[in-house]
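Take a look at the structure set out below.
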Amino acid sequence: MKPFLPFARPSIDEQSIAAAADVFRSGQLASGPKVQAFEAALAAYVGANRHVRVMTSATAGLEMALEAAGIGSGDEVIVPAMSFAASANVVARVGATPVFVDIELQSRNLDMELVPAAITSRTRAIMPVHFSGLPVDMDALYGIAAQHGLRVIEDAAHAIGSRYRGKRIGSFGDLVVFSFHPNKNMTSIEGGAIATADAGTAALFEQYRFHGIKRNSHGEIDVLFPGAKSNLTDVAAQIGMDQLRRLDGFNARRRALADRYFAELEGYGGAVLPARGDEGHSWHMFQLLIDFAGRGMTRPEFQRIMAERGIGIGVHYPCIPGLTYYRDQGYRPEATPVAERVGRETVTLPLFPAMQDEDVGRVCRALREVLG
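Numbering follows our numbering, in which position 112 of the sequence shown is assigned residue number 106; successive positions increment by one, without gaps.
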């Protein structure tokens, strides 16, 4: 029997393992020279003289970005109705109100045509997700933001290495947050980063991630505000640097695998395929929409049957307004029907750089056999 094929798997090479071991041997494990080197490498990769700071997760980064933008109680932030729960949770955690806007069916990105109608006198920011690595319509996004005087916090958790009109995500725009979770296109085990054009804001993130502490020229500390504790370790930073050197290769392989999926599923009417995008799409995930109710099957049953055939199937993501906390706050998933449908029908197929072309064929054959 062929080995089990998960829907995601990080690619950690022996060079990375050896380099991490050297950090352990050095005795410098918390934030230190490796974190500084990782930030410099990320800034060079993103380009355009951007300032980059790292932290323990993209979730921490999004929350810090909201705080740095001065968003809090009484404010509203526009977020997509279908994403990982963190997209809305961070807004709630700073005391602001998430305003859910529906998504486009195939891109799964925020529907920019619906955004203006969601803006009120209390709106302070738009926080889109570059879903699965496909950039949102940045021209429309920043045009709307400029017209209404809004901040933009790009949730680029899926989009490290993605490009919009030839420019890397993070090389332009307001505040851009990346994720380095093990399932992402590159990893530091856990971790995230924020890119900004403003050096002062970047310095502020250093305080937000470490207790609000600022040191004077003698190394003495002062606390300017009650910051968080979300500084990255040198061990994680070393892994991140080794992943960054391989990122473009990872993303090229992901694009090739996505192309293979499109070729294998050409003409197949049993599912809705994602938007294909262009060469700027970094393909963090490859997802289908399947009408399980119409097939007399539940999604967990489908996952179980595929698992029995040695294939892991993920679910990314539910419609956020349908989650218990948000229902209790008065939100209703039916108010964003596309997100509700995607949340109900979505499945994530295996996609990671170590996959072989035949693995894609294996997944698609099983898919056709199970669904017809």
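Every residue gets a Cβ at the ideal spot worked out from N, C-alpha and C, and that includes glycine.
Local Cβ density within 10 Å of residue i, reported as buried at 16 or more and exposed below that
{"i": "tyrosine 262", "result": "exposed"}
{"i": "proline 331", "result": "exposed"}
{"i": "methionine 121", "result": "buried"}
{"i": "lysine -4", "result": "exposed"}
{"i": "arginine 209", "result": "exposed"}
{"i": "glycine 164", "result": "buried"}
{"i": "isoleucine 97", "result": "buried"}
{"i": "valine 217", "result": "exposed"}
{"i": "proline 129", "result": "buried"}
{"i": "lysine 223", "result": "exposed"}
{"i": "glutamate 107", "result": "exposed"}
{"i": "isoleucine 314", "result": "buried"}
{"i": "proline 327", "result": "buried"}
{"i": "glutamine 9", "result": "exposed"}
{"i": "threonine 190", "result": "buried"}
{"i": "histidine 376", "result": "Residue 376 falls outside the range modelled here, since the chain spans only -5 to 366, and no answer is possible."}
{"i": "glutamate 57", "result": "buried"}
{"i": "histidine 175", "result": "buried"}
Within 8 angstroms, strictly: CB atoms of residue i and residue j
{"i": "arginine 239", "j": "phenylalanine 256", "result": "no"}
{"i": "proline 344", "j": "phenylalanine 1", "result": "yes"}
{"i": "alanine 52", "j": "serine 173", "result": "yes"}
{"i": "methionine 279", "j": "phenylalanine 32", "result": "no"}
{"i": "isoleucine 65", "j": "alanine 119", "result": "yes"}
{"i": "arginine 254", "j": "histidine 275", "result": "no"}
{"i": "valine 95", "j": "valine 84", "result": "no"}
{"i": "glycine 127", "j": "serine 156", "result": "yes"}
{"i": "arginine 47", "j": "alanine 196", "result": "yes"}
{"i": "glycine 306", "j": "phenylalanine -2", "result": "yes"}
{"i": "alanine 265", "j": "leucine 169", "result": "no"}
{"i": "methionine 123", "j": "aspartate 149", "result": "Here the sequence assigns valine to residue 123, which means methionine is not the residue at that position. Result yes, Cβ atoms of valine 123 and aspartate 149 sit closer than 8 angstroms."}
{"i": "phenylalanine 244", "j": "methionine 180", "result": "yes"}
{"i": "arginine 145", "j": "proline 268", "result": "no"}
{"i": "isoleucine 183", "j": "alanine 230", "result": "yes"}
{"i": "histidine 45", "j": "alanine 193", "result": "yes"}
{"i": "arginine 203", "j": "proline 347", "result": "no"}
{"i": "glutamine 201", "j": "glycine 185", "result": "no"}
{"i": "glutamate 295", "j": "glycine 316", "result": "no"}
{"i": "alanine 42", "j": "phenylalanine 199", "result": "no"}
{"i": "alanine 90", "j": "serine 67", "result": "yes"}
{"i": "aspartate 228", "j": "glycine 21", "result": "no"}
{"i": "arginine 303", "j": "alanine 252", "result": "no"}
{"i": "glycine 55", "j": "valine 171", "result": "yes"}
{"i": "alanine 13", "j": "glutamine 232", "result": "yes"}
{"i": "cysteine 358", "j": "leucine 259", "result": "yes"}
Beta bridge counterpart(s) of residue i as assigned by DSSP
{"i": "cysteine 313", "result": "Met76"}
{"i": "glutamine 281", "result": "Thr342"}
{"i": "glycine 290", "result": "None, per the DSSP bridge assignment."}
{"i": "threonine 91", "result": "Glu70"}
{"i": "leucine -1", "result": "Ile305"}
{"i": "arginine 162", "result": "Arg157"}
{"i": "lysine 223", "result": "Phe204"}
Residue i - containing alpha helix (DSSP H), residue span
{"i": "aspartate 242", "result": "228 to 258"}
{"i": "lysine 28", "result": "27 to 40"}
{"i": "isoleucine 97", "result": "From DSSP, isoleucine 97 is part of no alpha helix (DSSP H); its letter is neither H nor E."}
{"i": "threonine 53", "result": "52 to 62"}
{"i": "arginine 19", "result": "8 to 20"}
{"i": "isoleucine 299", "result": "293 to 302"}
{"i": "arginine 359", "result": "351 to 365"}
As assigned by DSSP and simplified to three states, the class of residue i
{"i": "serine 173", "result": "strand"}
{"i": "glutamine 323", "result": "coil"}
{"i": "aspartate 69", "result": "coil"}
{"i": "methionine 106", "result": "helix"}
{"i": "aspartate 216", "result": "strand"}
{"i": "glutamate 200", "result": "helix"}
{"i": "glycine 337", "result": "helix"}
{"i": "alanine 119", "result": "strand"}
{"i": "threonine 318", "result": "helix"}
{"i": "glycine 194", "result": "helix"}
{"i": "glycine 308", "result": "strand"}
{"i": "proline 331", "result": "helix"}
{"i": "serine 126", "result": "helix"}
{"i": "asparagine 83", "result": "helix"}
{"i": "alanine 265", "result": "coil"}
{"i": "alanine 111", "result": "helix"}
Residue i - containing beta strand (DSSP E), residue span
{"i": "valine 48", "result": "45 to 49"}
{"i": "isoleucine 188", "result": "186 to 190"}
{"i": "isoleucine 138", "result": "Counting along the chain, isoleucine 138 falls outside any beta strand (DSSP E), though it belongs to the alpha helix (DSSP H) covering 132 to 142."}
{"i": "glutamate 148", "result": "145 to 150"}
{"i": "alanine 269", "result": "Counting along the chain, alanine 269 falls outside any beta strand (DSSP E), and DSSP gives it neither H nor E."}
{"i": "arginine 209", "result": "207 to 209"}
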